[in-house]
Amino acid sequence: MPTTTPAHFIARFVADERGAITVDWTVLTASLAGLGLASMGVVSGGVQNLSTDIGNHLSTNDWNLFDNGMIPGVSLDFTGGDMTGWFGGQVMDMGGEIGELLVVGAGEVTGFLMEVAEGTEQAVMQFDLIAGDSLDYNPGATGYDTATLTLNGVTVAIATDGNQHLNFQIPQVDGTTVEATVMVANAHLGGSANWQDGSASVTIIVDDPTHDLHFELQSNANQGINDEFWGIDNFETATSGATGF
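Residues 2 to 246, numbered by this note's numbering, are exactly what the sequence shown covers, in order.
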């Protein structure tokens, strides 16, 4: 007589390969698909709104340095001759795409004093540097026409425009970072129609400044402003960390 103990039935059940597992699998996968569709319906609206916000944020350029927890300071494009806070140089309309900007000619210096509050973690200056007209290489002692950028008397960058090709030398200065991106290297932007111009975006970042920052730009061009010039436009400052002056 065959064995009919519980253990026997369990062994037969385990060894039995008959049955339609696809039925169970179909039910499970259908349930998971339905759950996924339901979840998508709940979150799709939020994801779409978020992607729209990100797109708008990027398209309006609001993601730059001064929208990253920084406290805006001075913003100056020298329109109407306004050069508040600056000394030296002069505001001139150089025409074309350049328009009004602060310019310096042969041997001239212009500067700005940025006040820094106690507790400031970073101080930032950002501006466009314009190399205009016949800046070039001069044989002899003067060499290339350059613009020297200094902070509190320390050189942080030297811009060179030789034959309308704008370049930068940036020495290493502890606690100071300078970034210069040439936007236009050889194109007519304004000034004399006989010469090409250059334009660069310059950012100067000072970490943990302990005193005010005295910025200067000095030109070693050897001709008058109507022949060649260095200029500054769209000047902005910002700080982080400080609660006020």
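Backbone N, C-alpha and C fix where the C-beta goes; we use that ideal spot for every residue, glycine too. Note that the structure is predicted; figures quoted are calculated from it, not measured.
{"Asked": "Beta-carbon proximity list for residue 13, same chain, < 7 angstroms, skipping 5 on both sides", "Found": "none"}
{"Asked": "Those runs of the beta strand (DSSP E) which lie wholly inside the segment 186 to 237 and span at least 3 residues", "Found": "198 to 208 and 214 to 220"}
{"Asked": "contact_flag[the segment 194 to 212, the segment 67 to 85] where n(CB pairs < 8 angstroms) is 3 or more", "Found": "no"}
{"Asked": "Per-residue DSSP class, three states only, for residue 149", "Found": "strand"}
{"Asked": "Where residue 64 sits in the DSSP three-state scheme", "Found": "Because residue 64 carries a pLDDT of 42, less than 50, the predicted location of this residue cannot be relied on, and no value is offered for it."}
{"Asked": "Where residue 136 falls: helix, strand or coil (DSSP)", "Found": "coil"}
{"Asked": "Residues near residue 168 in its chain [Cβ-Cβ closer than 6 angstroms; skip 5 each side]", "Found": "161"}
{"Asked": "Rounded C-alpha distance that separates residue 89 from residue 181", "Found": "23 angstroms"}
{"Asked": "Host beta strand (DSSP E) of residue 120 (start-end)", "Found": "Looking at the DSSP string, residue 120 is not in any beta strand (DSSP E), and its letter there is neither H nor E."}
{"Asked": "Span of the beta strand (DSSP E), counted from its first residue to its last, around residue 73", "Found": "72 to 77"}
{"Asked": "Cβ distance (whole Å) where residue 132 is taken to contact residue 199 below 8 angstroms", "Found": "4 angstroms"}
{"Asked": "Residue nearest to residue 73 in terms of C-alpha spacing, selected from 36, 110, 112 and 127", "Found": "127"}
{"Asked": "Contacts around residue 214, its chain only, beta-carbon distance under 7 angstroms, and the 5 residues preceding and following it disregarded", "Found": "115, 117, 124, 152, 153 and 207"}
{"Asked": "Run of the beta strand (DSSP E) containing residue 115, from where it starts to where it stops", "Found": "110 to 115"}
{"Asked": "Residue 240 in three-state terms, based on DSSP", "Found": "strand"}
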